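Input: a single structure, listed below in structure tokens.
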Amino acid sequence: MYNKKTENNRIIIIGSNGMLGQRLTDFYINKNVKLKCVSNEKESFFEKVNYSQTDLLEPNGIKQIIEEFEPEIIINAAAYTAVDKAEIEKELALAINSEAIKVINNACSKIGAHFINISTDYVFDGENGPYSETDQVNPVGYYGQSKLDGERQLLSSSGSYTIVRTNVLYGPAKFGRPDFVKWVVNSLKSGEQIRIVTDQINNPTYLDDLVNGIAAIAEKRSQGIYNIGGSEFLSRYDFTLKIADFFKLDKSLIKKIITAELNQPAKRPLKSGLKIDKVINELEYSPRSINESLQLMQDELKLV
Ligand SMILES: NC(=O)c1ccc[n+]([C@@H]2O[C@H](COP(=O)([O-])OP(=O)(O)OC[C@H]3O[C@@H](n4cnc5c(N)ncnc54)[C@H](OP(=O)(O)O)[C@@H]3O)[C@@H](O)[C@H]2O)c1
């Protein structure tokens, strides 16, 4: 719950043009905080925001931005997120998802800032999810491995930090590549058949619920690992049916498949998802239902 405890704080959002970064920016832009946005592109998607372009592959850039702005809070929503490509581009994934985390964390420690880094359920193998914060990690692909290495940069440090694990993000991000919901809606609207897996289980996370959870963490400077996910656990296929039902689209275009049929380069955790009891109990986190979230997306984006 946002209680204005971060009022007047200096906050940096890294990856502010990404799917999550946009919604974090949207949230904080209307709050009484001193906001600095940082992303890879030349310009911010948002007008009138204090913005700097920086590539996390050049660590001095982000280091200098942190030293100059002297924030109380840094939220990193930037990441190498190409799950299949990560199997080949291992060094790149590691540089962005782990080495850059070390640089940001060191810069935070020097000025006493609290660092919130976003991680993923892909740190688990998906054999027996959903997972709590203390469950055994065991990534099955390199994206998950690089994100786990990033977590370990923080776990082995003495700084003030939170690792926020989340899964299957969706919501009303207006810029950049479409999220899963938009993709389903656009495909079904244009009469395209889509093949959706029945064997990947998650609790899809509405972006603005995640933003609320992160804002609550920022206020308390909560330490350690927190899961933030949605209120409903279901297969990707059932999620797709819910989307089709909500938008009154043709469900006969949705074909059931299993993950193995996709022959993807990277393995996925199948029986996954994140237990959210800790964040509910400690931070009054209260995720919406999927239908409530889809309604909000519809109100904002007018998808159909
Ligand atoms: N999306 C999901 O379903 C999901 C699920 C679980 C966890 N997560 C985690 O949630 C966080 C946010 O994910 P997202 O879906 O919002 O990701 P996203 O849309 O792919 O955004 C990531 C951002 O990072 C930026 N970035 C990548 N490489 C960079 C570099 N070298 N220097 C500076 N910026 C760089 C990207 O810029 P460019 O586009 O210009 O490269 C982009 O703005 C990530 O930590 C991700 O691992 C996401």
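Quick note on the numbering used here: the sequence shown kicks off at 155 and runs consecutively. We put the beta carbon where it would ideally sit given N, CA and C, even for glycine. Note that this is a predicted model, so its numbers are computed, not measured.
{"Query": "Taking C-beta to C-beta, are Thr413 and Asp353 nearer than 8 Å?", "Result": "yes"}
{"Query": "Can you tell which of Lys429, Glu212, Asp392 and Glu161 has its C-alpha closest to the C-alpha of Ile408?", "Result": "Asp392"}
{"Query": "Alpha carbon to alpha carbon, how far is Leu403 from Met451?", "Result": "16 Å"}
{"Query": "Quick one: residues in its chain with C-beta nearer than 8 Å to the C-beta of Pro326, no 5 flanking neighbours on either side, listed in chain order?", "Result": "Arg177, Leu361, Asp362, Leu450, Met451, Glu454 and Leu455"}
{"Query": "Return the Cβ separation of Leu428 and Asn357 in integer angstroms, given the expectation that the two are a contact with Cβ distance under 8 Å.", "Result": "6 Å"}
{"Query": "Looking at C-alpha atoms only, which residue of Ile216, Gly295 and Leu189 is the closest neighbour of Glu253?", "Result": "Ile216"}
{"Query": "Closer than 7 Å to a non-hydrogen atom of ligand 1 - does that hold for the CB of Met451?", "Result": "no"}
{"Query": "Name the one or two DSSP bridge partners that Val351 has.", "Result": "Ile411"}
{"Query": "Can you tell me whether Ser286 sits near ligand 1, meaning its C-beta is under 7 Å from at least one heavy atom of the ligand?", "Result": "no"}
{"Query": "Among the candidates Leu174, Lys158 and Arg164, whose CA atom is the shortest distance from the CA of Ile382?", "Result": "Leu174"}
{"Query": "Okay, do the region 312 to 332 and the region 260 to 274 touch, 3+ Cβ pairs below 8 Å being the bar?", "Result": "yes"}
{"Query": "Could you work out which residue in Asn214, Glu197 and Glu212 is closest to Ser206 when comparing CA atoms only?", "Result": "Glu197"}
{"Query": "Relative to the C-alpha of Ile459, which residue among Val458, Lys374, Val433 and Ile434 is closest?", "Result": "Shown here, the chain extends from 155 to 458; a query on residue 459 therefore has no answer."}
{"Query": "Any heavy atom of ligand 1 closer than 7 Å to the beta-carbon of Ile270?", "Result": "no"}
{"Query": "Please state whether DSSP places Tyr205 in a helix, a strand or coil.", "Result": "strand"}
{"Query": "Please classify Thr288 as buried or exposed, where buried requires at least 16 neighbouring CB atoms within 10 angstroms.", "Result": "exposed"}
{"Query": "If contacts are defined as beta-carbon pairs under 8 Å, then Tyr156 and Ala370 qualify, I think. What distance do you get, rounded to the angstrom?", "Result": "7 Å"}
{"Query": "Just the Cα atoms here: how many angstroms apart are Leu172 and Asn230?", "Result": "As written in the sequence, residue 172 is Gly, which differs from the Leu given in the question. Whole-angstrom Cα-Cα distance: 11 Å."}
{"Query": "Pick helix, strand or coil for Val433, following the three-state DSSP scheme.", "Result": "helix"}
{"Query": "Quick one: residues in its chain with C-beta nearer than 8 Å to the C-beta of Tyr411, no 5 flanking neighbours on either side, listed in chain order?", "Result": "Strictly speaking, residue 411 in this sequence is Ile, with Tyr absent from that position. Excluding positions up to five away in sequence, the list reads Arg349, Ile350, Val351 and Thr352."}
{"Query": "Enumerate, from N- to C-terminal direction, the unbroken beta strand (DSSP E) stretches of 3 or more residues contained entirely within the region 331 to 401.", "Result": "348 to 351 and 378 to 382"}
{"Query": "Does the beta-carbon of Asp209, which I'm using as the reference point, lie nearer than 7 Å to any heavy atom of ligand 1?", "Result": "yes"}
{"Query": "Name the DSSP bridge partner or partners of Tyr315?", "Result": "Phe269"}
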